[in-house]
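Our numbering runs 3 ahead of the 1-based position in the sequence shown. Note that CB positions come from ideal geometry on N, CA and C, so glycine has one too. Below is one structure, written out as structure tokens; the observations come after it.
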Amino acid sequence: MKKTPLLAAVMACLFSLQATVAAELPRLVTHDGRHALLVDGKPFLILGAQAHNSSNYPAALKQVWDAARDIKANTVLMPVAWEQVEPEEGRFDFSFVDTLVAEARQQRKHLVLLWFATWKNTSAQYTPAWVKLAPKRFPAMLDQEGKPSYCLSPFGDETLKADKRAFVALMSHLKKIDAEQRTVLMVQVENEVGTYGLVRDYAPAAQAAFEQDVPAAVRARKKAPVPGAASGNWRAVYGDYADEYFHAWAIARYIGDIAAAGRAVYDLPMFVNNALRNPLEQPPKPWNKNFASGGPSHDVIDIYKAAAPAIDIVGPDIYNFESAQVNANLALFQRPDNALWVPEIGTKPAYGRFLYAMLGRGAIGVSPFGVDYFNYSNHPLGATATDRTLVEPFERIYRMFAPIQRLWAQWAFEGRTQGIAEGDDRQPQQLDFPGWTAKLTYRLGRFGEASWGGEFAKPAPGTEEPSGGVAMAQIAPDEFILIGHRVRVRMEPAGGTSGMMLRAEQGHFDGQGRWQMERVLNGDQVDWGLNLPAEPVMLKVRMGRPR
4 MKKTPLLAAV MACLFSLQAT VAAELPRLVT HDGRHALLVD GKPFLILGAQ
54 AHNSSNYPAA LKQVWDAARD IKANTVLMPV AWEQVEPEEG RFDFSFVDTL
104 VAEARQQRKH LVLLWFATWK NTSAQYTPAW VKLAPKRFPA MLDQEGKPSY
154 CLSPFGDETL KADKRAFVAL MSHLKKIDAE QRTVLMVQVE NEVGTYGLVR
204 DYAPAAQAAF EQDVPAAVRA RKKAPVPGAA SGNWRAVYGD YADEYFHAWA
254 IARYIGDIAA AGRAVYDLPM FVNNALRNPL EQPPKPWNKN FASGGPSHDV
304 IDIYKAAAPA IDIVGPDIYN FESAQVNANL ALFQRPDNAL WVPEIGTKPA
354 YGRFLYAMLG RGAIGVSPFG VDYFNYSNHP LGATATDRTL VEPFERIYRM
404 FAPIQRLWAQ WAFEGRTQGI AEGDDRQPQQ LDFPGWTAKL TYRLGRFGEA
454 SWGGEFAKPA PGTEEPSGGV AMAQIAPDEF ILIGHRVRVR MEPAGGTSGM
504 MLRAEQGHFD GQGRWQMERV LNGDQVDWGL NLPAEPVMLK VRMGRPR
């Protein structure tokens, strides 16, 4: 075909557009209070696997890749430690980062890097020796009696300067080796910050800042739980909450400074993670040595947003599998100004079912913690297993989402998805969609009704512990995709109208996003609802209304 000047111009424009999309860095976007992580210009769902803290060395990576492959992860979360990349002040060594990125590409995995620096689980253990051994230059927080804490002070100017310099060097190196292929999707700045046992820093510089007026940006976003002065110092404005809020501001400002400097050289999305306080204590009470003061807990997200605008997301690390706690945390951290992203969950089998709730409600991703095959377990926070059985409760669900992770991320961004996990109370639940309601029941057999009594009323074998759940996407007004296991789903018309199920197909999506039907369910298989078995399945369901 001969190219006309117009056709040539159009094709050149299309090639230019494709090149622009291909070269686009990962970024977060928001629409109507929903969020998506764009990778190569399209929504991406992180099915993550976070390695243990000490797996960040080249010789350890095989144990990580094996577990990541077995769990069906598309992204590995890996620490990069300050002590590792700057063992001597001013001399940087990024050989591990080079190896990690190269091997991730070979394994066809994306990466999220975790910057362990000034604070890792509130402590300075990942700082270089030259930082640890110079407390006058890199000061610790002081208590009210002037005694040093284990935790480095967010008012240490030299600490901030050194941490920031190292982080900028890391981001500059990432840009050099990865800007074209974009293996690394996001970066976590510090890890589970805050302080246990001490509400804030009482050193002279910190005390002077505490006596200053609360910054206007903080006052504009964070209202006092108990009304105080409209302006003034931290105590005047926030009363009994002043110490914790001040500490949150100090740490957030410190982290935000580091993140902004790193993004200035290589603009990847950045986030912080959080060791949680009790989400069921509402309204939250003032700190009482019951959580890490100053960390980005749900009650101070607004302070972090005000003080650290370079941080995109505050994410919850979930290690309490009480269903009420999990659901409350998901609700508190999913906000119009904060994407739901769960960078750590425990690996006990009980956590597996919560993937349906997280991914169904529109999380940009989730990652179990401690996914590698080293002979180490953080039990009782995680599973005792260190072999392939460790990943099985998550693999069975990742396996269902992996082929459609782009589709699911798009549906979630459009507000089409919902999900829920079986509650500890084992009670019925429901999900409400435009025009239709999904009614969910648990512990039932595949045939009949519990109301019939006898064998029908007995809980189904294998349901001794809560394990079921479902995630659903409404892909058309009367059409749904269901992914789940150990749950009975009944679709009913909303608002007292009439309606019926026209067709239920079991199947999967192929690599091009096309539905592949395996069989049509009817008769015994649907007379008692859609009974999702012990192993997760995917169904495509079409509903209809009489005319």
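Compare the Cα-Cα distances from residue i to each of the options and report the closest residue.
i	options	result
Asp320	His250, Lys150, Val329, Ile314	Val329
Lys179	Asp260, Ser57, Val268	Val268
Pro431	Val490, Ile314, Ala63	Val490
Asn194	Cys154, Met546, Ile484	Cys154
Met520	Gly532, Lys543, Gly526, Asp101	Lys543
Leu103	Tyr445, Leu136, Ala63, Arg140	Ala63
Pro207	Asp527, Leu145, Asp260, Arg185	Leu145
Leu188	Asn77, Ala278, Ala209, Gly451	Asn77
Phe397	Leu447, Gln210, Ala71	Ala71
Ala255	Leu333, Asn293, Phe158	Phe158
Thr387	Gly368, Gly349, Tyr401, Arg399	Gly349
Lys45	Leu410, Asp166, Val540	Leu410
Gly422	Asp270, Arg364, Gly499, Gln191	Arg364
Phe294	Asn124, Ala54, Leu114, Gln191	Asn124
Phe436	Met403, Trp344, Ala479	Ala479
Ala172	Ala143, Gly93, Ala342, Leu384	Gly93
Gln337	Gly368, Ile400, Glu148, Val492	Gly368
Asp96	Ile74, Glu106, Pro131	Pro131
Pro282	Gly516, Leu48, Asn323, Gln110	Asn323
Glu91	Glu106, Phe47, Ala52, Leu136	Leu136
Leu177	Val100, Trp344, His382, Gln433	Val100
Spatial neighbours of residue i within its chain, please: CB distance less than 8 Å, with the 5 preceding and 5 following residues excluded, ordered by chain position.
i	result
Thr389	Tyr376, Phe377, Asn378, Tyr379, Ser380
Arg108	Gln184, Thr186
Gly514	Pro406
Gly451	Phe459, Trp531
Thr466	Tyr445, Arg446, Arg489
Phe529	According to the sequence shown, residue 529 is Val rather than Phe. Cβ within range, chain order: Met504, Ala507.
Trp439	Gln477, Asp481, Phe483, Met494, Glu495, Pro496, Ala497, Gly502, Met546
Ser98	Pro61
Give me whichever residues DSSP pairs with residue i in a beta bridge.
i	result
Ser2	The first residue shown for the chain is 4 and the last is 550, placing residue 2 beyond what the model contains.
Phe97	DSSP, once it has assigned bridges, lists no residue as partnering Phe97.
Asn236	Asp216
Arg522	Gln509
Met81	Leu116
His301	Per DSSP, none; premise fails for His301.
Ser296	Thr198
Gly259	Looking at the DSSP assignment, Gly259 forms no beta bridge with any residue, so it has no partner.
Ala534	For the sequence presented, residue 534 should be read as Asn rather than Ala. BP columns for Asn534 point to Arg491.
Asp69	Answer is none; Asp69 lacks a bridge partner.
His34	Arg37
Given that a residue counts as buried once 16 or more other Cβ atoms are within 10 Å of its Cβ, and exposed if not, what is residue i?
i	result
Leu116	buried
Pro469	buried
Tyr550	With the sequence shown as reference, residue 550 is identified as Arg, and Tyr is not the correct amino acid for it. Exposed is the call here.
Asp315	buried
Leu485	buried
Ala84	buried
Lys225	buried
Arg280	buried
Glu538	exposed
His34	exposed
Ala412	buried
Ala327	exposed
Glu325	exposed
Pro536	exposed
Glu347	buried
Which same chain residues end up closer than 7 Å to residue i when comparing Cβ atoms and leaving out the 5 residues on each side of it in sequence?
i	result
Ala25	Unreliable placement is indicated for Ala25, whose pLDDT of 44 sits below 50; the coordinate value is still reported in the next sentence. Cβ neighbours of Ala25 beyond the five flanking positions: Asp43.
Val202	Asp246, Glu247, His250, Trp290, Ser296
Arg222	Ser234, Val240
Arg545	Asp481, Glu482, Leu505, Arg506
Ala220	Ala309
Ala453	Leu447, Phe459, Ala460
With a threshold of 6 Å on Cβ separation, who are the neighbours of residue i within its own chain once the five nearest residues in sequence on each side are excluded?
i	result
Ala313	Gly259, Ala262, Ala263, Arg266
Phe357	Val329, Ala424
Trp122	Glu193, Val196
Ala551	Because the chain here runs from 4 to 550, residue 551 falls outside it and cannot be looked at.
Met174	Gly265, Val268, Tyr269
Beta carbon of residue i: closer than 7 Å to some heavy atom of the ligand COA?
i	result
Asp101	The ligand COA is absent from the structure shown, which contains no ligand whatsoever.
Check your understanding: Counting Cβ pairs, one atom from each stretch, are 3 or more of them under 8 Å apart for the stretch 248-261 and the stretch 302-322?
Key -> yes
Review point. Should the stretch 50-66 be regarded as contacting the stretch 415-422, the criterion being three or more beta carbon pairs within less than 8 Å?
Key: no
Practice item. Check whether the stretch 439-456 touches the stretch 329-348, counting contact only when three or more Cβ pairs, one atom from each stretch, lie closer than 8 Å. Key: Here the stretch 439-456 does not lie against the stretch 329-348, with fewer than 3 beta-carbon pairs under 8 Å apart.
Review point. Is there contact between the stretch 75-95 and the stretch 367-374, where contact requires at least three CB pairs shorter than 8 Å?
Key: Counting C-beta pairs closer than 8 Å gives three or more between the stretch 75-95 and the stretch 367-374, which meets the contact rule.
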